[in-house]
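Worksheet: the structure to be examined is printed underneath.
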Amino acid sequence: MRHVDAFSAGRLDDVAGLLRETDGWARAVTEAVGELEEERLAGADPSGTVRAEVSGAGRLRTLSIDPRGLRALDHVQLARAVREAIVAAHLAMDERLTEVVQTLTRRPSDTTVPADPLAGHIRDVLRGE
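Each residue of the sequence shown is one higher than the one before, starting from 4 at the first, in the working numbering.
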């Protein structure tokens, strides 16, 4: 980040270094996203009746329903349980994506890092709200 910091401080003398640095970042992000797409993250509804698995890109891979749990659910409750399981899997994906981004930016997850102003909105979208 040496070149980016210098560039943002107004020292425009090493544009080639800045471009090399950003090119390295682009390669790292592309590689990390490719690896993340191969991952599978799981979530379940609170009762554990429905389990969902999504890819690191958020695509639903599997959905399984425990037949023993179906006895206590009507169609509305089952639909809610399916939604809750998928939301849980998407939230697991969100946590994993946050880990990947923190690793790429080498920022610790403490309070010294400014909060993402879109974090609340993104979480709402992942929850389906």
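By construction, the Cβ of each residue, glycine as well, lies at the ideal position given by its N, Cα and C atoms.
DSSP three-state assignment for residue i, whether helix, strand or coil
i: ARG83; result: helix
i: ARG109; result: coil
i: GLU56; result: strand
i: ARG99; result: helix
i: LEU39; result: helix
i: ARG23; result: helix
i: LEU94; result: helix
i: VAL18; result: helix
Within 8 Å, strictly: CB atoms of residue i and residue j
i: LEU63; j: LEU100; result: no
i: GLU42; j: SER58; result: yes
i: ARG54; j: ASP97; result: no
i: VAL95; j: GLY46; result: The question names Val, yet the displayed sequence has Ala at residue 95. It is a contact, given that the beta carbons lie within the stated cut-off.
i: GLU56; j: ALA91; result: no
Euclidean distance between Cα positions of residue i and residue j
i: GLY123; j: ASP26; result: 30 Å
i: ARG74; j: GLN80; result: 11 Å
i: ARG130; j: ALA19; result: 42 Å
i: LEU76; j: VAL103; result: 37 Å
i: ARG23; j: ALA60; result: 28 Å
i: PRO111; j: GLY72; result: Confidence at PRO111 is low in this model, with a pLDDT of 48, below 50, so its placement is unreliable and the value that follows should be read with caution. C-alpha separation (whole angstroms): 41 Å.
i: GLY51; j: ASP69; result: 8 Å
i: ARG86; j: VAL36; result: 26 Å
First and last residue of the uninterrupted alpha helix (DSSP H) at residue i
i: GLY72; result: 70-73
i: ARG46; result: Sequence inspection shows Gly at residue 46; the Arg mentioned does not correspond to that position. First-last for GLY46: 43-47, but that is the beta strand (DSSP E), not the alpha helix (DSSP H).
i: GLY123; result: 122-130
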